[in-house]
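Report on one structure; see the data block that follows.
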Amino acid sequence: MKMLGRSTFNSVLGVVYPLFFATIAFFMFRAGHSPRPLLYASLGAAVMGIWSSTSTSAGAAMARERWHGTLELLVAAPTHFSFVLLPVTIAMATIGIYSMAATLLWGRLVFGIDLQIGHPVAFVLAIPATVLSIGALGFLLAVAFVRFRQAWALGNMLEYPVWLVCGFLVPLSLFPGWVRPISWALAPTWGINAIREAALGGSPLADIGMAALLGFAYTLVGIVLLNRALHAARAKATLALT
Amino acid sequence: MAVVEADNLGRTYRTTTGTLRRRSLEVEAVRGVSFEIGEGELFGLLGPNGAGKTTTIKMLITLLIPTSGTARVLGHDVVKDATWVRRRIGYVFGGDRGLYERLSALDNLRYFAELYAVPAREQKRRIAELFELVGLTGREKERVEGYSRGMRQRLHIARGLLHDPPVVFLDEPTLGVDPVGARELRATIASLAQGGKTVLLTTHYMFEADQLCDRIAVIAKGRIVAEGTPQQLKDRVVEGSVVEVEVYGIEDAVVERLRTVPGVTAVSVEEHEQAQLLIVQTAPGQELTHVILSQLDGARVGRVTSREPTLEDAYVALVTEP
Chain H
26 MKMLGRSTFN SVLGVVYPLF FATIAFFMFR AGHSPRPLLY ASLGAAVMGI WSSTSTSAGA
86 AMARERWHGT LELLVAAPTH FSFVLLPVTI AMATIGIYSM AATLLWGRLV FGIDLQIGHP
146 VAFVLAIPAT VLSIGALGFL LAVAFVRFRQ AWALGNMLEY PVWLVCGFLV PLSLFPGWVR
206 PISWALAPTW GINAIREAAL GGSPLADIGM AALLGFAYTL VGIVLLNRAL HAARAKATLA
266 LT
Chain R
386 MAVVEADNLG RTYRTTTGTL RRRSLEVEAV RGVSFEIGEG ELFGLLGPNG AGKTTTIKML
446 ITLLIPTSGT ARVLGHDVVK DATWVRRRIG YVFGGDRGLY ERLSALDNLR YFAELYAVPA
506 REQKRRIAEL FELVGLTGRE KERVEGYSRG MRQRLHIARG LLHDPPVVFL DEPTLGVDPV
566 GARELRATIA SLAQGGKTVL LTTHYMFEAD QLCDRIAVIA KGRIVAEGTP QQLKDRVVEG
626 SVVEVEVYGI EDAVVERLRT VPGVTAVSVE EHEQAQLLIV QTAPGQELTH VILSQLDGAR
686 VGRVTSREPT LEDAYVALVT EP
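Residue numbers (our numbering), protein chains in the order written: chain H, 26 to 267; chain R, 386 to 707.
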C-alpha cells in the first residue's frame with residue numbers, strides 16, 4: 026500500500042475512479058425517479074469499488090513482485106506464502122472501503138441520495154464481512170498469478186462479469202436460471218445482499234454468515250491450491266520469470 | 386559434519402521453440418554435481434556464465450526442485466524439509482533486482498524482517514547493526530530507486546542476514562559493481578566467514594574466489610571439473626607455457642582446429658577493440674609457436690609473445706576443456 030501511495034498518478038486514479046462508477050450507476054437508476062433504486066445503485070456501486078480494487082490490484086501486485094525479482098525472495102522466506110498473499114489481497118479490498126465511502130458521499134452531495142440505515146449495527150458488521158470475503162476471493166485469484174505469469178489478465182477479465190453476476194447493479198432475478206448457482210458461489214453476491222438488507226431494514230444475518238463462510242472456504246481452498254502452485258513453479262522453474 | 390551437501394544434483398529445464406509447430410527441448414543445466422561444505426567454510430563455486438552456478442544455488446536454497454540427486458543443508462533435505470532449511474539460510478543474489486524500489490532501504494529491511502520472523506523488539510537493533518555492517522548507516526531512509534548498484538548490493542547482503550542465518554548463499558554478489566565497491570563487498574563477505582558463518586559464494590572472477598575462498602569447485606557445462614584449495618588449483622598449471630598471438634579476424638573453425646593440435650591444452654580468444662588475442666596454453670616442454678602460427682590460415686597476425694601461465698589460465702583451461 027505504501028508503494029502504491031508513492032505514485033501520485035495511482036493515488037489520483039484511485040481517488041477519482043470510484044466516482045466514475047458511482048456517476049454511471051446513478052444516471053442509470055435515476056430514470057426510475059424513486060429513492061430506493063437510487064440507494065440500491067449507490068450501494069452496488071460502492072461494493073463494485075471493493076471488487077475492482079481487489080481483482081485488478083491483486084494481479085498487478087503479483088506482477089510487480091515478478092518485475093522487482095522479489096517473488097523468489099518471498100517464496101524462499103520461511104513464512105508460508107499464503108501469509109504474504111492473503112494480507113495483500115485483503116489490503117486491496119480494504120482500499121475499496123474508500124470507494125464505498127466516496128460513492129455514498131458522492132451520491133449524497135451530488136445526487137441528493139439520503140442514506141438512511143435500517144440496521145446500523147448489522148450494516149457495520151456486513152461491511153467487514155464483505156471486504157474480507159472479497160479479499161479471500163482475490164486470494165484465490167492471486168494463487169493463479171503465482172503459477173501463471175499472465176494471470177493478471179484474468180483479474181482484469183473477471184472485473185465486469187462479477188459486477189453483473191453478483192447483482193451489484195442489476196437484480197439477479199433478471200438473469201437466466203443457470204446463472205444463479207454461479208452467483209451463489211460468489212461471496213460478493215451475499216456481501217452486497219447483506220449490505221443492502223442492513224441498509225434497507227431487512228434481515229442481513231444469513232447473508233453475512235454466507236459471505237463469511239464462503240470467504241473462509243476460499244481461504245482454505247486457496248492455501249491448498251497455493252501449495253500445489255508453488256510446488257509446480259519450483260518444479261517448472263517459473264518463479265524467476267517476469 | 387558437512388553443513389551443505391550436494392549429492393549428484395541434476396536439473397533439466399524444459400522449453401519450447403517455434404510458434405505454430407512447437408517443439409519441446411530439454412536443457413541440462415546441472416549434470417550430477419556433488420560437493421560438501423564444512424562448518425565455517427567459505428566455499429566458492431567458480432564458473433563462466435551459463436555453467437550452472439545459479440541453478441545449483443537455487444536448488445540448495447529450495448527455490449528449484451532437483452530433477453535428480455539430493456541436497457541437504459545442516460542435515461535436512463532441501464525438498465522434504467524446505468521450511469526448516471529456509472529458516473536457517475540467507476540468500477543474496479547479484480544485480481539490480483530483488484528490492485522494492487519505491488520503498489526506503491529501512492522499509493525493505495523491515496518487511497523482510499517480518500517475513501523472516503525476526504522478533505519485533507529485536508528488529509530495530511538488528512537492522513541498525515546490519516546497516517552499520519554494510520556501510521549504509523545514514524542512507525537508510527532514502528528510497529532504493531536512488532541507490533547505486535554497489536549500495537543495492539550491500540542492501541541485498543543486509544537483507545540476507547536479517548535473521549542471522551548460520552549458512553549464507555551469495556550468488557555473484559559483486560556482479561556489475563565498480564572495483565572500489567567490489568573490494569568493499571569482498572571485505573564484508575570475508576567478515577561473514579570470520580564471524581563463523583558457512584558461506585557458499587558463486588562467482589566468475591578467479592581472483593575473487595582466490596582471495597576469499599577456503600576451497601573452490603570449478604563448474605563448467607553443468608559439471609564440476611576441478612575442486613580443491615586455491616593453491617591446489619594453481620598447482621595444476623605451474624608447468625607448461627602460454628603463447629599469446631594478436632590476430633585480426635580469426636574464425637571459430639581455426640580455434641577448434643588449434644584445440645586438436647598435440648601439446649595444446651587450452652585455447653581461448655579475447656575480443657579487443659580492433660583485434661583479438663588468441664591465448665594458447667601448451668603442455669610442459671612443448672615449443673609450439675610455429676605450429677600455432679601455421680594453423681592461422683593467413684589471418685593477419687600482430688604481436689606474438691610467450692609467457693608463464695597464471696591462475697586465470699588455469700581457470701580458462703578448466704572451463705574450456707571439451
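The C-beta atom is built at its ideal place from N, Cα and C for all residues, glycine as well.
Within chain H, the C-beta atoms nearer than 7 angstroms to that of threonine 447 (chain R) come from Ala101, in chain order. Near chain H, meaning a CB-to-CB distance below 9 angstroms, no residue of the region 633-645 of chain R qualifies.
Taking CB atoms only, threonine 402 (chain R) has no neighbour in chain H less than 8 angstroms away.
The alpha-carbon of threonine 645 (chain R) is positioned some 46 angstroms away from that of alanine 101 (chain H).
For threonine 104 (chain H), the closest Cβ of chain R is nearer than 8 angstroms. Membership of aspartate 392 (chain R) in the beta strand (DSSP E) is indicated by the continuous run 387-402.
Glycine 121 (chain H) has its alpha-carbon roughly 10 angstroms from the corresponding atom of glycine 160 (chain H).
The beta carbon of valine 109 (chain H) sits closer than 8 angstroms to some beta carbon of chain R.
With contacts defined as CB atoms closer than 8 angstroms, alanine 391 (chain R) and alanine 456 (chain R) qualify as a contacting pair. Assigned with DSSP and collapsed to three states, glutamate 424 (chain R) falls in coil, not helix or strand. Contact with chain H is absent for glutamate 569 (chain R), since none of that chain's Cβ atoms lies less than 8 angstroms from the residue's Cβ.
Taking a contact as a CB-CB distance under 8 angstroms, the pair glutamine 538 (chain R) and valine 562 (chain R) counts as one, their CB atoms being some 6 angstroms apart. Taken atom to atom, the span from the alpha-carbon of tryptophan 188 (chain H) to that of glutamate 499 (chain R) is near 36 angstroms. Here histidine 548 (chain R) carries a coil assignment [DSSP, helix/strand/coil]. At a cut-off of 4 residues, the continuous stretches assigned as alpha helix (DSSP H) that sit fully inside the region 544-589 of chain R are 564-579.
Under a criterion of Cβ atoms nearer than 7 angstroms, the residues of chain H adjacent to tyrosine 398 (chain R) are, in order, Ala262. Within the same chain, Cβ atoms closer than 7 angstroms to the Cβ of glutamine 680 (chain R) are found at Val639, Arg642, Leu643, Val646, the five residues on either side in sequence being excluded. The C-beta of histidine 144 (chain H) comes no closer than 8 angstroms to any C-beta of chain R. In this structure the region 612-627 of chain R touches the region 692-699 of chain R; the number of beta carbon pairs closer than 8 angstroms is three or more.
Secondary structure note for glutamate 656 (chain R): its beta strand (DSSP E) is the uninterrupted segment 649-656. Looking only at R:Ala436, R:Val630, R:Ser576, the smallest Cα-Cα distance to histidine 675 (chain R) is reached by R:Val630. Where valine 704 (chain R) is concerned, the enclosing alpha helix (DSSP H) starts and stops at 696-704. Residues of the same chain with a CB within less than 7 angstroms of the CB of valine 190 (chain H), apart from the 5 flanking positions on each side, are Val204, Ile207, Ser208, Leu211 in chain order. A straight line joining the alpha-carbon of isoleucine 217 (chain H) with that of leucine 150 (chain H) spans about 12 angstroms. Contact check for alanine 219 (chain H) and alanine 178 (chain H): beta-carbon distance about 30 angstroms, past the 8 angstroms limit, so the pair fails to qualify. For a cut-off of 8 angstroms, the C-beta gap from valine 552 (chain R) to threonine 583 (chain R) is around 5 angstroms, short enough to register as a contact. CA-CA distance, arginine 473 (chain R) to serine 419 (chain R), rounds to 21 angstroms. Residue-level contact check: leucine 157 (chain H) does not touch chain R, since none of the beta carbons of chain R fall below 8 angstroms from its beta carbon. Scanning chain H for C-beta atoms nearer than 7 angstroms to the C-beta of threonine 468 (chain R) yields Pro103, reported in chain order.
In terms of beta-carbon proximity, threonine 95 (chain H) lines the interface with chain R, with at least one pair separated by less than 8 angstroms. Under the Cβ criterion of 8 angstroms, glycine 483 (chain R) is counted among the residues facing chain H. Put simply, the CB of leucine 250 (chain H) is far from chain R, with every gap to its CB atoms at 8 angstroms or more. When R:Leu597, R:Val565, R:Gly429 are compared, the shortest CA-CA separation from glutamine 579 (chain R) is found for R:Leu597. Within chain R, the residues placing a beta-carbon under 7 angstroms from that of leucine 98 (chain H) are Gly483, ordered along the chain. Bridge partners of histidine 461 (chain R) according to DSSP: R:Val458. Secondary structure note for serine 626 (chain R): its beta strand (DSSP E) is the uninterrupted segment 626-633.
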